[in-house]
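Report on the following structure.
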Amino acid sequence: MLKTLESAVPVACWSCSVAHNDFTLFCPHCSKIQPPPGGDYFAVFGLEPRLNLDLPALEKEFHRLSRKLHPDRFARSGEHERQWSLADTALLNDAYRTLKDPLRRTEYLLKLRGAEIGEEAAADGNSRKDPSRAPADLLEEVFELNMQLDELREAHAAGEESAALESSLAAAKQKFEALLAEVDRDLRQQWQAWDAGDETAREAAQKAMMALLDRRRYLSNLVRDVTGTLGA
Ligand SMILES: [Zn+2]
């Protein structure tokens, strides 16, 4: 598991030998580029792990660091520095792509905390419920939906008109999209709880987020299936 800011391990700068924590891309003492640091994606931006991020500030910092790391700037530097500018840039890009996206950010933070997410958890034969199974409150609707999807596929295959079926499926799709929006609202509430909470509150928020992510994955797949079949 990746280290966090709290467990900072000091390393000596290759250039000036002054010790700094292993999370910065540049030496705070002599400003020389450093090898890819061993911290997490939040630490790359000098942030503690948080779910509510100031996205404009994150973007600004991303551009500032991208410019500083740009390989052109190291064209006349030593071989190591040139390699590090490439490796640090790749790390910065991965970190930014992950943190700017709300869902990726949430999954990443949960993974940092040791949680197994989605397919990973299923593939591990983890004791958590199979994410491909319908949430209990949706069982009946999903059953109904799957029958209608089958019917529509058969109708399409036979070249038959199926306006009633299609409008019923379109309505179901709208409903599942509304449920997805609800999940996203709930997730944001858990972000607040996690960011503001002590360790106990974080454990609870983490559990709630895992369940919401499972539900989200399930609902997204349903919407995708319906969209695909309606469009076929
Ligand atoms: Zn230095």
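For my numbering, count along the sequence shown from 1 and bump the result up by 450.
Beta carbons are placed, not taken as given, at the ideal position from N, Cα and C, and that holds for glycine.
>> Please state whether the Cβ-Cβ distance between V676 and K625 is less than 7 angstroms.
In response: Position 226 of the sequence shown holds residue 676. Position 175 of the sequence shown holds residue 625. Not in contact: V676 and K625 (Cβ atoms no closer than 7 angstroms).
>> Residues around ligand 2, please: the condition is that the C-beta lies closer than 6 angstroms to some non-hydrogen atom of it.
In response: Ligand 2 is absent from the structure shown, which contains only ligand 1.
> Which residues bound the alpha helix (DSSP H) around V592?
Replying inline: Counting from one through the sequence shown, the residue named residue 592 turns up at place 142. Its alpha helix (DSSP H) spans residues L589 to A608.
>> Quick check on F476: does DSSP put it in helix, strand or coil?
In response: If you number the sequence shown from 1, residue 476 lands on position 26. It is a strand residue.
> CA-CA distance, N596 and R666?
Replying inline: By 1-based counting over the sequence shown, the position of residue 596 is 146. By 1-based counting over the sequence shown, the position of residue 666 is 216. Distance between the alpha carbons of N596 and R666 is about 18 angstroms.
> Helix, strand or coil: how does DSSP classify H520 here?
Replying inline: Indexing the sequence shown from 1 puts residue 520 at position 70. The answer is coil: DSSP assigns H520 none of H, G, I, E or B.
> If you drop the 5 nearest sequence neighbours on each side, which residues of the same chain put their C-beta closer than 6 angstroms to that of D645?
Replying inline: Residue mapping note: residue 645 aligns to position 195 of the sequence shown, counting from 1. Hits under 6 angstroms: R500, L501 and N502.
> Three or more C-beta pairs closer than 8 angstroms, one from the region 509-521 and one from the region 459-473: is that the case here?
Replying inline: no
> When you compare only the Cα positions, how much space is there between D664 and A462?
Replying inline: For the purposes of this step, residue 664 is taken as residue 214 along the sequence shown, with counting starting at 1. For the purposes of this step, residue 462 is taken as residue 12 along the sequence shown, with counting starting at 1. Cα to Cα, D664 sits roughly 43 angstroms from A462.
> Taking K482 as the reference, which of M659, L508 and R532 has the closest Cα?
Replying inline: Counting from 1 along the sequence shown, the entry for residue 482 is found at position 32. Considering only alpha carbons, the answer is R532.
> By how many angstroms is the C-alpha of L662 removed from the C-alpha of G575?
Replying inline: As a first step, residue 575 must be located in the sequence shown, where it is residue number 125. As a first step, residue 662 must be located in the sequence shown, where it is residue number 212. Only weak support exists for where G575 lies, its pLDDT of 45 falling under 50; the value from the coordinates is given anyway. G575 and L662: Cα-Cα distance of roughly 20 angstroms.
> Given that a residue counts as buried once 16 or more other Cβ atoms are within 10 Å of its Cβ, and exposed if not, what is G489?
Replying inline: Numbered from its first residue, the sequence shown carries residue 489 at position 39. Buried, by the Cβ-count rule.
> How is P460 classed by DSSP in three states: helix, strand or coil?
Replying inline: Here residue 460 is taken as the residue at index 10 of the sequence shown, counted from 1. Strand at P460.
> Buried or exposed: A507, going by 16 or more other Cβ atoms within 10 Å of its Cβ?
Replying inline: For the purposes of this step, residue 507 is taken as residue 57 along the sequence shown, with counting starting at 1. A507 should be labelled exposed.
>> In the DSSP output, what is I483 paired with across the bridge?
In response: For the purposes of this step, residue 483 is taken as residue 33 along the sequence shown, with counting starting at 1. Beta-bridge pairing links I483 to F476.
> Cα separation between L560 and L669?
Replying inline: Here residue 560 is taken as the residue at index 110 of the sequence shown, counted from 1. Here residue 669 is taken as the residue at index 219 of the sequence shown, counted from 1. The straight-line gap from Cα to Cα measures roughly 20 angstroms.
> By DSSP, does G647 sit in helix, in strand, or in coil?
Replying inline: In the sequence shown, the residue the question calls residue 647 occupies position 197. The answer is coil: DSSP assigns G647 none of H, G, I, E or B.
> For the putative contact between E738 and L602, defined by C-beta atoms under 8 angstroms, what is the C-beta separation to the nearest angstrom?
Replying inline: Outside the modelled stretch of the chain, which goes from 451 to 682, sits residue 738, for which no answer is possible.
> Along the chain, where does the beta strand (DSSP E) that runs through N502 open and close?
Replying inline: For the purposes of this step, residue 502 is identified with residue 52 of the sequence shown, where counting begins at 1. Premise fails: N502 is in no beta strand (DSSP E) and is neither H nor E.
> Considering only residues of the same chain and omitting the five flanking positions on each side of H479, which have a CB-CB separation below 8 angstroms?
Replying inline: The sequence position of residue 479 within the sequence shown is 29, counting from 1. So the qualifying residues of the chain are C463, C466, V468 and H470.
> So, L541 versus P485, is the Cβ gap smaller than 7 angstroms?
Replying inline: If you number the sequence shown from 1, residue 541 lands on position 91. If you number the sequence shown from 1, residue 485 lands on position 35. Not in contact: L541 and P485 (Cβ atoms no closer than 7 angstroms).
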